[in-house]
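Chains as they are written, first to last, in this note's numbering: chain A, 372 to 515; chain B, 372 to 515.
No residue lacks a Cβ here, since even glycine has one placed at the ideal position from N, Cα and C.
Computed from a prediction, not measured in an experiment: that's the story for all the values here.
To start, the structure under review is shown below, and the notes come after it.
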């Protein structure tokens with residue numbers, strides 16, 4: 372299973388950090404041979420971006436237990452119960468606001484990826500399909 | 372960018388179709404060396420599953436325009452404005468109800484993947500981060 376980048380993230384975030392990304396503005400520069408595949412996307416207010424977390428140290432064996440958000444004061448939990456980037460397949464998934472499409476460029480708000488991140492898929496956000504009603508999370512999750 | 376399967380889907384769906392998957396029950400069999408990484412996941416009611424849509428014909432060049440859900444009566448739109456499985460990187464993303472965890476097995480409801488589908492990531496569903504308030508979709512999208 373081999374991925375190819377369909378585009379790249381451009382923004383002012385040069386290093387990964389636990390900062391709040393809610394107001395971060397990014398451009399997603401999509402390969403020009405895929406420009407037409409972006410048609411109609413701006414009829415959606417939000418999109419889902421899948422990206423390759425290229426700045427994560429590629430360890431042969433990621434830890435199976437981690438402290439959520441790196442906070443040592445929180446209990447160590449299973450890796451898949453967290454959004455830690457250091458996972459077997461370092462794919463990030465973000466739901467972001469689509470502000471504007473200009474040709475092969477998508478202007479988005481709230482993408483928690485760094486400058487230069489390869490983008491591997493873009494999907495429309497569909498309420499009801501992508502959202503869950505009455506979802507329950509444990510106490511150690513902070514709403515971001 | 373190379374992916375490795377972390378598990379596999381087992382259910383009664385042998386062929387991809389446009390059917391309603393809302394009530395489909397599936398087991399996700401996770402590699403036993405990752406069992407511990409599933410700890411605490413069942414403190415969440417819903418999870419996000421990323422999977423490799425292995426039954427999609429791998430075409431060198433997917434179409435850039437498609438009819439939503441294959442319906443010829445709907446206008447042809449940009450590929451990335453749809454959830455068509457025939458995309459540059461055939462990665463599916465589903466938000467599903469987590470019914471139970473038994474060791475390395477996750478019992479889930481609503482996964483729109485066929486039997487034998489390789490799973491590439493599992494993430495907890497976090498309202499607010501994974502959901503969007505007041506999201507807008509065009510008229511040709513059917514809520515599933």
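Between residue 424(A) and residue 461(A) the beta-carbon gap is near 4 Å, inside 8 Å, which marks them as a contact.
Fewer than three beta-carbon pairs drawn from the segment 478 to 493 of chain A and the segment 431 to 446 of chain A are found closer than 8 Å, and the two stretches are therefore not classed as touching. The Cβ of residue 501(B) sits closer than 8 Å to at least one Cβ of chain A. Three or more beta-carbon pairs separated by less than 8 Å are not found between the segment 448 to 458 of chain B and the segment 468 to 477 of chain B, which leaves the two stretches without contact. Within the segment 379 to 409 of chain A, those residues whose Cβ lies closer than 7 Å to any Cβ of chain B are, in chain order, 405, 407, 408 and 409. The C-beta of residue 464(B) has 16 or more other C-beta atoms within 10 Å across all chains shown, which makes the residue buried. Under the Cβ distance rule, residue 488(A) does not count among the residues neighbouring chain B, no pair being separated by less than 8 Å. Taking all protein chains shown into account, residue 373(B) has fewer than 16 neighbouring C-beta atoms within 10 Å of its C-beta and is therefore exposed.
Closer than 8 Å to the CB of residue 484(B) there is not a single CB belonging to chain A.
At a cut-off of 8 Å between C-beta atoms, residue 424(A) does not count as an interface residue with respect to chain B. Residue burial is scored here from C-beta neighbours: residue 446(A) has fewer than 16 other C-beta atoms within 10 angstroms and is therefore classed as exposed.
In the three-state scheme derived from DSSP, where H, G and I count as helix and E and B as strand, residue 452(B) is classed as helix. Per DSSP, residue 464(B) is one residue of the beta strand (DSSP E) stretching across 462 to 473. Nearest to residue 482(A) by alpha-carbon distance, out of 467(A), 452(A) and 475(A), is 467(A). For residue 420(B), there are no C-beta contacts with chain A under 7 Å, since the nearest C-beta of that chain is about 10 Å from it. At least one beta carbon of chain A lies nearer than 8 Å to the beta carbon of residue 417(B). In this structure, 435(B) is the residue among 502(B), 376(B) and 435(B) with its C-alpha nearest to the C-alpha of residue 407(A).
The DSSP-derived three-state label of residue 499(A) is coil. In this structure residue 412(B) is in contact with residue 495(B), their Cβ atoms being roughly 7 Å apart against a cut-off of 8 Å. Using a CB distance below 8 Å, the part of the segment 458 to 472 of chain B facing chain A consists of 458, 459, 460, 462, 464, 466 and 468, ordered along the chain. No Cβ-Cβ contact shorter than 8 Å links residue 400(B) with residue 375(B). Counting along the chain, the unbroken beta strand (DSSP E) around residue 398(B) starts and ends at 396 to 401. DSSP links residue 378(B) through a beta bridge to 401(B) and 490(B).
Around the CB of residue 505(B), fewer than 16 other CB atoms lie within 10 Å, so the residue is classed as exposed. Less than 8 Å divides the Cβ of residue 414(A) from the Cβ of residue 452(B).
In this structure, residue 450(B) sits near residue 433(B), with a CB-CB distance shorter than 8 Å. Going by beta carbons, residue 427(A) and residue 497(B) fall outside the 8 Å limit. Bounds of the beta strand (DSSP E) holding residue 419(B) are 417 to 423. Residue pairing by DSSP puts residue 477(A) in a beta bridge opposite 399(A) and 472(A).
In this structure, the beta-carbon distance from residue 418(A) to residue 493(A) falls below 8 Å.
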